[in-house]
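Q: Let me begin by handing over the structure; questions about it come next.
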Amino acid sequence: MLAHPVSDFLGSSAALCDAVLRLRGPALSEELGRIVRSVLNSPLGDYLPADAVKLLLHPPVEEVLAANDAAVPSLVQDIYFDDQYFGRFVVSGRAHYSELDRQQLASLAGLAASVLQVHSVAQRSTHAYAQMEAQLQHQAQILDQIHESVLTMDMNGFIISWNKGAERLFGYSAVEAVGRNILFLYDDEDMSFHDDFLEQGGRLMEVRRKKKSGEVFWASLSLSPLCDINDRSVGLIAYLTDITERKMAEERIHHLAYYDALTNLPNRSLLTKLVDQALMVAQRNKAHGCMLFIDLNRFKLINDTLGRSVGDQLLCEVARRFRTVLRDQDLVARLGGDEFAVGLFDIGQHFEASMVAQKLLGTLNEPIFIDGHDLRVGGSIGISVYPQDGSDAETLLRLADIAMYRAKQEGGAEGDHVAFYSQDMNQGMQERMRIETGLRHALGNGELLLHYQPKYSIASGKIIGAEALVRWRHPERGLVPPAEFIPLAEATGLVVQVGEWVLEAACAQAQRWKDAGLPPIRLAVNVSAREFTAALPARVMETLKRYGLEPSWLELEITESTLMHNIDRVIGIMDQITATGVTLSLDDFGTGYSSLSYLKRFPIDTLKIDRSFTIGIPGDANDCAIANTIISIAQQLKHKVIAEGVETVEQLAFLKNSGCDEVQGYLFSRPLDAEAFETALRENWLPGRSSRAA
Numbered sequence: 006m007l008a009h010p011v012s013d014f015l016g017s018s019a020a021l022c023d024a025v026l027r028l029r030g031p032a033l034s035e036e037l038g039r040i041v042r043s044v045l046n047s048p049l050g051d052y053l054p055a056d057a058v059k060l061l062l063h064p065p066v067e068e069v070l071a072a073n074d075a076a077v078p079s080l081v082q083d084i085y086f087d088d089q090y091f092g093r094f095v096v097s098g099r100a101h102y103s104e105l106d107r108q109q110l111a112s113l114a115g116l117a118a119s120v121l122q123v124h125s126v127a128q129r130s131t132h133a134y135a136q137m138e139a140q141l142q143h144q145a146q147i148l149d150q151i152h153e154s155v156l157t158m159d160m161n162g163f164i165i166s167w168n169k170g171a172e173r174l175f176g177y178s179a180v181e182a183v184g185r186n187i188l189f190l191y192d193d194e195d196m197s198f199h200d201d202f203l204e205q206g207g208r209l210m211e212v213r214r215k216k217k218s219g220e221v222f223w224a225s226l227s228l229s230p231l232c233d234i235n236d237r238s239v240g241l242i243a244y245l246t247d248i249t250e251r252k253m254a255e256e257r258i259h260h261l262a263y264y265d266a267l268t269n270l271p272n273r274s275l276l277t278k279l280v281d282q283a284l285m286v287a288q289r290n291k292a293h294g295c296m297l298f299i300d301l302n303r304f305k306l307i308n309d310t311l312g313r314s315v316g317d318q319l320l321c322e323v324a325r326r327f328r329t330v331l332r333d334q335d336l337v338a339r340l341g342g343d344e345f346a347v348g349l350f351d352i353g354q355h356f357e358a359s360m361v362a363q364k365l366l367g368t369l370n371e372p373i374f375i376d377g378h379d380l381r382v383g384g385s386i387g388i389s390v391y392p393q394d395g396s397d398a399e400t401l402l403r404l405a406d407i408a409m410y411r412a413k414q415e416g417g418a419e420g421d422h423v424a425f426y427s428q429d430m431n432q433g434m435q436e437r438m439r440i441e442t443g444l445r446h447a448l449g450n451g452e453l454l455l456h457y458q459p460k461y462s463i464a465s466g467k468i469i470g471a472e473a474l475v476r477w478r479h480p481e482r483g484l485v486p487p488a489e490f491i492p493l494a495e496a497t498g499l500v501v502q503v504g505e506w507v508l509e510a511a512c513a514q515a516q517r518w519k520d521a522g523l524p525p526i527r528l529a530v531n532v533s534a535r536e537f538t539a540a541l542p543a544r545v546m547e548t549l550k551r552y553g554l555e556p557s558w559l560e561l562e563i564t565e566s567t568l569m570h571n572i573d574r575v576i577g578i579m580d581q582i583t584a585t586g587v588t589l590s591l592d593d594f595g596t597g598y599s600s601l602s603y604l605k606r607f608p609i610d611t612l613k614i615d616r617s618f619t620i621g622i623p624g625d626a627n628d629c630a631i632a633n634t635i636i637s638i639a640q641q642l643k644h645k646v647i648a649e650g651v652e653t654v655e656q657l658a659f660l661k662n663s664g665c666d667e668v669q670g671y672l673f674s675r676p677l678d679a680e681a682f683e684t685a686l687r688e689n690w691l692p693g694r695s696s697r698a699a
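Numbering of the sequence shown is given in our numbering, commencing with residue 6 and proceeding in unit increments.
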């Protein structure tokens, strides 16, 4: 038999490939049988798939051939690809089959095996991909169904995935979130820990995050590494749960545990914690600290008479008033009942606590109106000092409590009183309080008066002015030395009220002298740093106007320390004052911190040489040099210069030779009361009268 054309075999091969790709089951078997019959030009030919062959117990090819009738030749070819069996071709019906027919059948079987193997692999891959896709869909459904928010991000913090829980929690859809950096969800937090997040997983913390609506909430955040197939970290998996309600509940519990429910002040537990922390800082800084124990007077009577509701409102008002006079860094707590405590740990000296105690008692002076009742309470305050009395909160609180009972005993049940635990401190504090209380009383009861120390012109020997000096005539102690009450007035702020009184009294006296026909002389009034405010120029002019005085009657003396804070503001106030015609004198020059670069900018008329330099003239070379320098500076700046504390003729001679313009001191006159000063002034101005200065 002639060989079949190559083109016929190739066509059959293409048909075989197409059949394997398109057909399944009996249709494929039928088509492959047709193709084998066509290729071998045989009337009979079949493709038996592997499962059909197995049903025939898969007899070897030799047995099949032996079983056939020798007169009816046939060909059988199993289809293998490596170890994979796909079935067999069986061909018969021709009288003879040549070796070429066997080769073609083997080639056709080899081609069929290859195509069937490729198709089998493709089927398995497709099935595996479908299974994987289904598994991923299942996992995505699981992630979307869980309540927790799950998102992934790369090593730079850019979001890779975003589940439905994250959508519900933050309000952003996956389309809005994926691709953005995680930082857009932060609530202005410190970004420094973000890098730590990216470097290590497994961290669990509580953070504040921000929703799309702008609402800020608390979340529990857990981070785990996101790894590739080689177990290398490529990002992070973040799990977030809203814990806002739990945090709020914790805060409520914390507040109930550490704060007084009525006044909202810290309770004893929180006070001791905060005080112990403050004491550690005070120990490092070698600073002082004080604990004040406050017990209200007359509270029990009010509470028992008017009821608990009124008593509660009263305690709330007392707590509010206490807070208004304390600094932010001061601690105030309610210990229970009508007892309060204050911790002071940013103070320079322990006696400052007594001033704070007076402020606290001062808040109770005004009546408290509740439900139509005019209520008045006072207080007894005990003070313990760190480190003298104790080094921990409980000890200081206990000793302050003891001191409070001492204060209550000394002040009586109705009297406001303060006592230190240490007796020596207590005595010093009581003396300060006695002076302060007396000074407040003196301001309102006419116990203050002015003395006038004459100022003399060296050239003419005439009185050209006077320094108004405040004096305190105590009803029991007589004249109280200024050194006792002026520093206390400055420390407590009473110096402002004293200064206002001095200006008022000096102008009132000047009006009387003016009405008596005396020529204008400059009355120098000392102005403290506390008084030197933007309101000073208007107050000075209003006072002069009220008493009908020309500005030439008044001079303001200002110390160097007053000028060394906010120079531009101070110069602005000075310019306003000098613009009215009132002159300015720089007091205590050389004892402060003034800079010569600023001195030339100050609109002053006179420099005053402090008595600490005058006292050593002419024996002390240093004092002489300083006095000469001050006089020289004043002359260069076209200022007058006056020396205070002149007590000897030798001092006067030196100052006169150095070019000093004016002097004041005991060599000429002690401070005089108004009547004596007027007499001295009239005598000094009489024709022919001379003076030591001349």
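A virtual CB, placed ideally from N, CA and C, is assigned to each residue, including glycine.
On a predicted model such as this, the values are computed, not experimentally measured, just so you know.
So for E371, helix, strand or coil by DSSP?
A: coil
Q: Could you check if L518 is buried or exposed, using at least 16 other CB atoms within 10 Å of its CB as the buried criterion?
A: According to the sequence displayed, residue 518 carries Trp and not Leu. Answer is buried; the Cβ neighbour count reaches 16.
Q: Counting only the same chain and skipping the five closest in sequence on each side, list residues whose C-beta sits under 6 angstroms from that of L340.
A: R273, A346
Q: If you reduce the DSSP assignment to three classes, tell me which class P480 lands in.
A: coil
Q: Kindly indicate the opening and closing residues of the alpha helix (DSSP H) around R332.
A: No alpha helix (DSSP H) holds R332; DSSP gives it neither H nor E.
Q: Take E436 as the anchor and find which of I388, L493, Y426, R411 has the nearest alpha-carbon.
A: The candidate whose alpha carbon is nearest that of E436 is L493.
Q: List the residues that DSSP assigns as beta-bridge partners of P230.
A: L241
Q: Who are the Cβ neighbours of L366 in its own chain at under 8 angstroms, not counting the five residues just before and after it?
A: G383, G384, I386, D421, V423
Q: Should D580 be labelled buried (16 or more other beta-carbon atoms within 10 Å of its own) or exposed?
A: exposed
Q: Measuring alpha carbon to alpha carbon, tell me which residue in W477, K467, H456 is nearest H446.
A: Checked all of W477, K467, H456; the closest Cα to H446 is W477.
Q: Shortest alpha-carbon distance to E536 belongs to which of G504, E509, D309, P392?
A: G504
Q: Between the stretch 45-53 and the stretch 99-106, do three or more beta carbon pairs fall short of 8 angstroms?
A: Output reads yes: the stretch 99-106 touches the stretch 45-53.
Q: What number of angstroms, rounded off, separates the C-alpha of E301 from the C-alpha of Y410?
A: A small correction: the amino acid at residue 301 is Leu; Glu does not occupy that position in the sequence shown. Spanning the two alpha carbons is a distance of roughly 12 angstroms.
Q: For T538, which residues does DSSP report across the bridge?
A: None, per the DSSP bridge assignment.
Q: Considering N531, what are the terminal residues of the alpha helix (DSSP H) in which it resides?
A: Not the alpha helix (DSSP H): N531 falls in the beta strand (DSSP E), residues 527-532.
Q: Could you check whether the stretch 366-376 touches the stretch 346-357, counting it as contact only if at least three pairs of C-beta atoms, one from each stretch, sit closer than 8 angstroms?
A: no
Q: Can at least three beta-carbon pairs, one atom from the stretch 581-596 and one from the stretch 542-552, be found at a separation below 8 angstroms?
A: Judged by Cβ distances under 8 angstroms, the stretch 581-596 makes contact with the stretch 542-552, as three or more pairs qualify.
Q: Mind pulling the beta strand (DSSP E) runs of 3 or more residues that sit fully within the stretch 587-672?
A: 588-594, 611-614, 645-649, 667-669
Q: Report the CB separation of A464 from L528 in whole angstroms; it is logged as a contact under 8 angstroms.
A: Actually they do not touch by this definition, with Cβ atoms about 21 angstroms apart.
Q: Got a sec? Which residues, its chain only, sit under 8 angstroms from L499 by beta carbon, not counting five neighbours each side?
A: Excluding sequence neighbours, L499 sits near E441, L444, R445, L448, L493.
Q: Pairs of beta-carbons, one from the stretch 243-258 and one from the stretch 213-224, closer than 8 angstroms: are there three or more?
A: yes
Q: In the DSSP assignment, what are the bridge partners of G384?
A: Assignment of beta-bridge partners to G384 by DSSP yields L301.
Q: Taking 8 angstroms as the CB-CB limit, is A243 close to chain D?
A: As a matter of chain content, chain D is missing from the structure shown, which is built from one protein chain.
Q: Along the chain, which unbroken stretches of the alpha helix (DSSP H) at least 4 residues long are found entirely within the stretch 233-290?
A: 249-263, 273-290
Q: Check for me: the beta strand (DSSP E) holding L53 runs from which residue to which?
A: Its beta strand (DSSP E) spans residues 49-54.
Q: Exposed or buried, R332, counting other C-beta atoms within 10 Å across all chains shown (16 or more means buried)?
A: exposed
Q: Since I164 sits in a beta bridge, which residues does DSSP pair it with?
A: M158
Q: So, helix, strand or coil for I563, using DSSP?
A: strand
Q: Expressed to the nearest angstrom, what Euclidean distance is found between the alpha-carbon atoms of I187 and M160?
A: When rounded, the separation of the alpha-carbon atoms in I187 and M160 is 11 angstroms.
Q: How many Å lie between I631 and F618 at the Cα?
A: CA-CA distance, I631 to F618, rounds to 7 angstroms.
Q: Would you kindly work out how many angstroms separate the C-alpha atoms of R606 and G577, rounded to a whole number?
A: Those two C-alpha atoms are separated by around 11 angstroms.
Q: For L190 versus K169, is the C-beta spacing smaller than 8 angstroms?
A: Not in contact: L190 and K169 (Cβ atoms no closer than 8 angstroms).
Q: Going by the beta-carbon positions, is the gap between A405 and S427 smaller than 8 angstroms?
A: no
Q: Rounding to the nearest angstrom, what Cα-Cα distance links E322 and D343 in this structure?
A: 12 angstroms
Q: Can you give me the C-alpha to C-alpha distance between I292 and H456, rounded to a whole angstrom?
A: Correcting the residue identity first, residue 292 is Ala in this sequence and not Ile. Going by the C-alpha atoms only, they are around 41 angstroms apart.
Q: Around the C-beta of Q514, are 16 or more other C-beta atoms found within 10 angstroms, so that it is buried, or is it exposed?
A: buried
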